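Below: the structure, in structure tokens.
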Amino acid sequence: MTHDELVVKIINENLPGVVEEARDFRGERTIVVPKARLKDVCRLLRDDPALRYDFLSDVVADDYLPDYPRFAVSYHLLSMPNKHRLRVRVWVEDPDDGPETLAELWPIATWLEMEVYDLMGVRFAGNGSLRRLFLPEDWQGHPLRKDYPLGYEEVQFSFNWREIDAKKPYAKVVVQVRVQVQEEVFPGPGT
Amino acid sequence: MGLVRTPARDNIQELTVEELRAKVGTGMEILDAEEHMLLSMGPQHPSTHGVLRLLVELDGETVVNLAPDIGFLHTGIEKNMESKRYLQALVMTDRMDYLSPMTNNMAYIMAIEKLLGIDITPRAQTIRIILAELSRISSHLVWLGTHALDLAAMSVFLYCFREREYLLDIYEMVAGQRMMVSYYRPGGLWRDVPDEFVPAVRHFLDFFPAKIADYEALLDRNPIFLARTKDVGVISGEQAVAWGLSGPSMRGSGVDWDNRRDMPYGGYEQYDFAVPVEQEGDVYARYRCRMREFRESLSIVRQALDRLKPGPVNIDNHKIVPPPRAELGRSMEAVIHHFKLWTEGFCAPAGYVYHVIESPRGEIGCYLRGDGGNKPARVHFRGPSYVNLASLPLMAKNRFVADLVSVIGSIDIVLGEIDR
Amino acid sequence: MGIEQKLGNLGVVTYRLEDVVNWGRTNAMWPLLFGLACCAIEMMSSQAANYDASRFGMELNRPSPRQSDLMIVAGRVSRKMAPVIRRLYDQMPYPKWVIAMGDCASCGGVFNNYAIVQGVDEIVPVDVYVAGCPPRPEALINGIMTLHESIRGEKLDKWN
């Protein structure tokens, strides 16, 4: 029995019916579980003596915009004793009602979920420190969503140089204050 | 765009502590607002290695609480890569962890290759490993130089950059650029290495061990360096695993894990090397780990040079790799392939992969989702610096501010990779 | 010329004030110790042994904006960083100069997206742009030389 099969077998024994889908792609095993049972599955994966997925490598959110459910959150786990990687995936219909935080199991999850929240807007239940991390605190929207524009600016070429240059908000040299003071002390010949 | 803030402000007021606390939004709990001092360290600070900002709560000179505030270098790389074709997006990865662009390229390119399901030639594998290990050395050199500079050892900085220039010359020889190489390509390499490459690397292998001895002579028993690194920033092995530390920062705490050895990729299984592990978990242990990694990397490069055999560096599949220039003049098929590849690129199947390699800073992972088109639908990088930074409060609490500087240096962060 | 002949060999040299002041300004120009991204590493290289920026009196990077004359914006400027850069610029005393080092600081470079300011000249007035991604240390030194040249040509009424 390969390790991939063992994972599914142990989960099925302990939490029957929780694995919605187990798929292999390019030698990577993905287990899709319901959002509500994510924490139980992860706890089992971490604590089971045969599995011991003790290292949470990454949390990634995906946006499948035209489809429903729209968001998917993948947890990449690493079992150092077994030298094996596993992906646990949950589907999220409503980004405001995201999966439960895994901070109890792996403290680093707080930090990884924060990044997902900032860039993709998936809110993790129970994570108290979700906030703007990379973007300024008054930023609107979550840039990695598919309906968020890239926000590029038109590139200047020689044919449209002047047109764009006229619109560019260049910073000005601020020396007026100093000039004013000098004029007050030494009024020019014209005054 | 309505989202753009107007940055040019002439009158920027000084902030009071209350306003600062409201504005930073780091979510940090202030333990004692009356007695303690709140200090904003960075983003312009010489020892934060870039634009990291730390909100530090101080009791006298002791750090009682600490919260990193990042994002001052947020570049939107992941979003920008989604709008580019697979090959075009490669240039973004160089600029992420700019101290070791080769390993970034490797993570991304190997993820693409995994998604496409292709294997590369042995010569390309060997050259990739040589350059990745040289990249590790050059990255550690910058780390050593700046870390020592933070701890008031100026000459180490000058020596390290002197040796790094030699490595950058090798990069320039193979890729034409000193830092942003983009040398690894899907299916192989940009082109074969020039004839001068092997002698140049051999020369480096000859003179560099003596230089490592020089650095160690300057630092290993230096009383100032020891006083500022021994028993500073201690983190235990269990904590390191729970907090996702990786790379030398984790191996300094006694966790014996290296992706190159334990989950080999790209041909590392053929090489014989040791993984340096130190037990103490303090700044000095992490320093020792990296210093020993210098020698292991040199040994890998030496083995790789010995097994470097002539042969093709690119696979034959011209749907992915452009045909050689010489063929364009006589083969219509090559012209079509060339045209298709540079105008449309190649399409990758729908599906998602996650590829992890060992970068100088730890485990860098690339999550790549294709949707059948010629552009990635989602690219995500697990930046090791980003995850390593999370345990900074753990290491620096209840230490002096001066120790904070040494701890930041020891986890070897690169802000470009943290903020992406 | 006249005064030297009258006083004899007393060690007095006369020169134009403009030239003396501009000479003084160019030869000990202290840059702000401030790196943003990749270009900062090349900036460090240009100050290290091989390129040795101290030949031009600028090995001394000042971490405080109050003590520095030259701001080298080395790297991409994000929307979050922009107010900080402006604030640092405002804190620098006159006379002050800005070099936009690299493509990202000059025009946004490869990052034409929501997060990056398309050219630091939207925030601070820039004197010299250095192209390259990242520019080689020689290119940065050439940019500094260009700045020195333009300063040497400055006239009294343009001083600030």
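Residue numbers (this note's numbering), protein chains in the order written: chain A, 11 to 201; chain B, 80 to 499; chain C, 580 to 739. Even glycine gets a Cβ: it sits at the ideal position worked out from N, Cα and C. On a predicted model such as this, the values are computed, not experimentally measured, just so you know.
Drop a sphere of 10 angstroms on the beta-carbon of residue i, count the other beta-carbons inside from all chains shown, and report buried for 16 or more, exposed for fewer.
{"i": "C:Val599", "result": "exposed"}
{"i": "A:Phe167", "result": "exposed"}
{"i": "C:Ile720", "result": "buried"}
{"i": "A:Val126", "result": "buried"}
{"i": "B:Tyr262", "result": "buried"}
{"i": "B:Gly282", "result": "First, the amino acid is wrong: residue 282 of chain B is His here, not Gly. Counting Cβ neighbours within 10 Å, B:His282 comes out exposed, since fewer than 16 surround it."}
{"i": "A:Glu114", "result": "exposed"}
{"i": "B:Asp491", "result": "buried"}
{"i": "B:Leu268", "result": "buried"}
{"i": "A:Lys19", "result": "exposed"}
{"i": "C:Leu735", "result": "exposed"}
{"i": "A:Arg188", "result": "The pLDDT assigned to A:Arg188 is 45, lower than 50, so where the model puts this residue is not dependable; a value taken from the coordinates is nonetheless given after this. A:Arg188 comes out exposed."}
Tell me the DSSP secondary structure of residue i in three-state form.
{"i": "C:Tyr594", "result": "coil"}
{"i": "B:Pro86", "result": "Since pLDDT at B:Pro86 reaches only 41, below the 50 mark, its modelled position is unreliable, and the value read off the structure follows with that caveat. Reduced to three states, the DSSP call for B:Pro86 is coil."}
{"i": "C:Trp609", "result": "coil"}
{"i": "B:Cys445", "result": "strand"}
{"i": "B:Asp482", "result": "helix"}
{"i": "B:Glu136", "result": "strand"}
{"i": "B:Tyr431", "result": "strand"}
{"i": "A:Asp157", "result": "coil"}
{"i": "B:Tyr263", "result": "strand"}
{"i": "A:His94", "result": "strand"}
{"i": "C:Arg665", "result": "helix"}
{"i": "C:Asp736", "result": "helix"}
{"i": "B:Ser470", "result": "coil"}
{"i": "A:Arg39", "result": "strand"}
{"i": "C:Val707", "result": "strand"}
{"i": "B:Ser217", "result": "helix"}
{"i": "B:Phe425", "result": "coil"}
{"i": "B:Met171", "result": "helix"}
{"i": "C:Ile723", "result": "helix"}
{"i": "C:Glu621", "result": "helix"}
On a Cα-Cα basis, can you pick out the residue from the options that is closest to residue i?
{"i": "A:Glu23", "options": "A:Ala46, A:Gly37, A:Leu55", "result": "A:Leu55"}
{"i": "A:Leu209", "options": "B:Ile303, B:His153, B:Glu251, B:Glu348", "result": "The question about residue 209 of chain A has no answer here: the residues shown for chain A are numbered 11 through 201."}
{"i": "B:Pro278", "options": "B:Ile497, B:Leu468, B:Asp385", "result": "B:Asp385"}
{"i": "B:Arg122", "options": "C:Asn601, C:Ala661, C:Leu649, C:Met608", "result": "Position check: residue 122 of chain B holds Pro in this sequence, whereas Arg was assumed. It is C:Ala661."}
{"i": "B:Ser332", "options": "B:Ser126, B:Asp310, B:Ala289", "result": "B:Asp310"}
{"i": "B:Ile39", "options": "B:Ala292, B:Ala405, B:Gln358", "result": "The shown model of chain B, from 80 to 499, leaves out residue 39 of chain B, and the question about it has no answer."}
{"i": "B:Ala481", "options": "B:His115, B:Val435, B:Glu140, B:Gly326", "result": "B:Glu140"}
{"i": "B:His200", "options": "B:Ile394, B:Gly462, B:Glu406, B:Val432", "result": "Checking the sequence shown, residue 200 of chain B turns out to be Thr, not His. Out of B:Ile394, B:Gly462, B:Glu406, B:Val432, B:Ile394 has the C-alpha closest to the C-alpha of B:Thr200."}
{"i": "C:Trp609", "options": "C:Asp700, C:Glu638, C:Ala710, C:Gln697", "result": "C:Glu638"}
{"i": "C:Gln626", "options": "B:Met233, B:Ile156, B:Leu447", "result": "B:Met233"}
{"i": "B:Val392", "options": "B:Asp198, B:Trp222, B:Arg440, B:Gly360", "result": "B:Asp198"}
{"i": "B:Leu471", "options": "B:Ser485, B:Val458, B:Gly462", "result": "B:Ser485"}
{"i": "B:Val260", "options": "C:Cys712, C:Ser633, C:Leu735", "result": "C:Cys712"}
{"i": "C:Leu667", "options": "C:Arg731, C:Leu612, C:Val592, C:Pro716", "result": "C:Leu612"}
{"i": "A:Leu48", "options": "A:Leu122, A:Leu25, A:Phe144, A:Arg155", "result": "A:Leu25"}
{"i": "A:Asp57", "options": "A:Pro153, A:Arg36, A:Met90, A:Met11", "result": "A:Met90"}
{"i": "A:Trp101", "options": "A:Arg80, A:Leu16, A:Leu145, A:Leu140", "result": "A:Arg80"}
{"i": "B:Asp341", "options": "A:His94, A:Glu163, A:Trp171", "result": "A:His94"}
{"i": "C:Lys602", "options": "C:Gly636, C:Ala632, C:Val591", "result": "The identity of residue 602 of chain C in the sequence shown is Trp, whereas the question assumes Lys. The candidate whose alpha carbon is nearest that of C:Trp602 is C:Gly636."}
Pull up the CB-CB distance for residue i and residue j, whole angstroms please, since I reckon it's below 8 Å.
{"i": "A:Ala82", "j": "A:Asp72", "result": "4 Å"}
{"i": "A:Gly136", "j": "A:Glu110", "result": "6 Å"}
{"i": "B:Met160", "j": "B:Pro455", "result": "6 Å"}
{"i": "B:Leu137", "j": "B:His115", "result": "6 Å"}
{"i": "B:Glu496", "j": "B:Gly462", "result": "4 Å"}
{"i": "C:Cys683", "j": "C:Ile695", "result": "7 Å"}
{"i": "B:Ser217", "j": "B:Arg243", "result": "5 Å"}
{"i": "A:Lys156", "j": "A:Leu75", "result": "4 Å"}
Could you check whether the Cβ of residue i sits closer than 7 Å to any heavy atom belonging to the ligand NAD?
{"i": "C:Asp736", "result": "By its list of ligands, the structure shown contains no ligand whatsoever, and the ligand NAD lies outside what it can speak to."}
In chain E, which residues lie less than 9 Å from residue i when you measure between Cβ atoms?
{"i": "A:Ser67", "result": "You won't find chain E in this structure, because its protein chains are A, B and C."}
Three Cβ pairs or more, each shorter than 8 Å: is that satisfied between the segment 28-44 of chain A and the segment 56-63 of chain A? With a cut-off of 8 Å, the segment 56-63 of chain A and the segment 28-44 of chain A do not count as touching, because too few Cβ pairs lie within range.
Inspect the CB distances between the segment 209-218 of chain B and the segment 375-392 of chain B and report whether three or more fall short of 8 Å. Counting Cβ pairs under 8 Å, three or more are found: they touch.
Does the segment 461-473 of chain B come into contact with the segment 224-241 of chain B, if we say contact requires no fewer than three beta-carbon pairs (one atom in each stretch) closer than 8 Å? Output reads no: the segment 224-241 of chain B does not touch the segment 461-473 of chain B.
Is the segment 184-196 of chain B touching the segment 361-372 of chain B, taking contact as three or more C-beta pairs under 8 Å? Contact between the segment 184-196 of chain B and the segment 361-372 of chain B is absent, because fewer than three Cβ pairs lie under 8 Å.
With a threshold of 8 Å, are at least 3 pairs of Cβ atoms found where one atom belongs to the segment 247-254 of chain B and the other to the segment 145-164 of chain B? Cβ pair count under 8 Å is below three, so no.
At least 3 beta-carbon pairs within less than 8 Å: the segment 677-697 of chain C vs the segment 626-640 of chain C: Between the segment 677-697 of chain C and the segment 626-640 of chain C there are fewer than three C-beta pairs closer than 8 Å, too few to call the two in contact.
Any contact of the segment 345-364 of chain B with the segment 399-412 of chain B, i.e. 3+ C-beta pairs under 8 Å? Between the segment 345-364 of chain B and the segment 399-412 of chain B there are fewer than three C-beta pairs closer than 8 Å, too few to call the two in contact.
Under 8 Å: do the segment 407-425 of chain B and the segment 438-447 of chain B share three or more Cβ pairs, one atom per stretch? With a cut-off of 8 Å, the segment 438-447 of chain B and the segment 407-425 of chain B do not count as touching, because too few Cβ pairs lie within range.
Three or more beta-carbon pairs under 8 Å between the segment 331-349 of chain B and the segment 168-181 of chain B, yes or no? Using a Cβ-Cβ distance cut-off of 8 Å, the segment 331-349 of chain B and the segment 168-181 of chain B are not in contact, since fewer than three pairs of beta carbons, one from each stretch, lie closer than that value.
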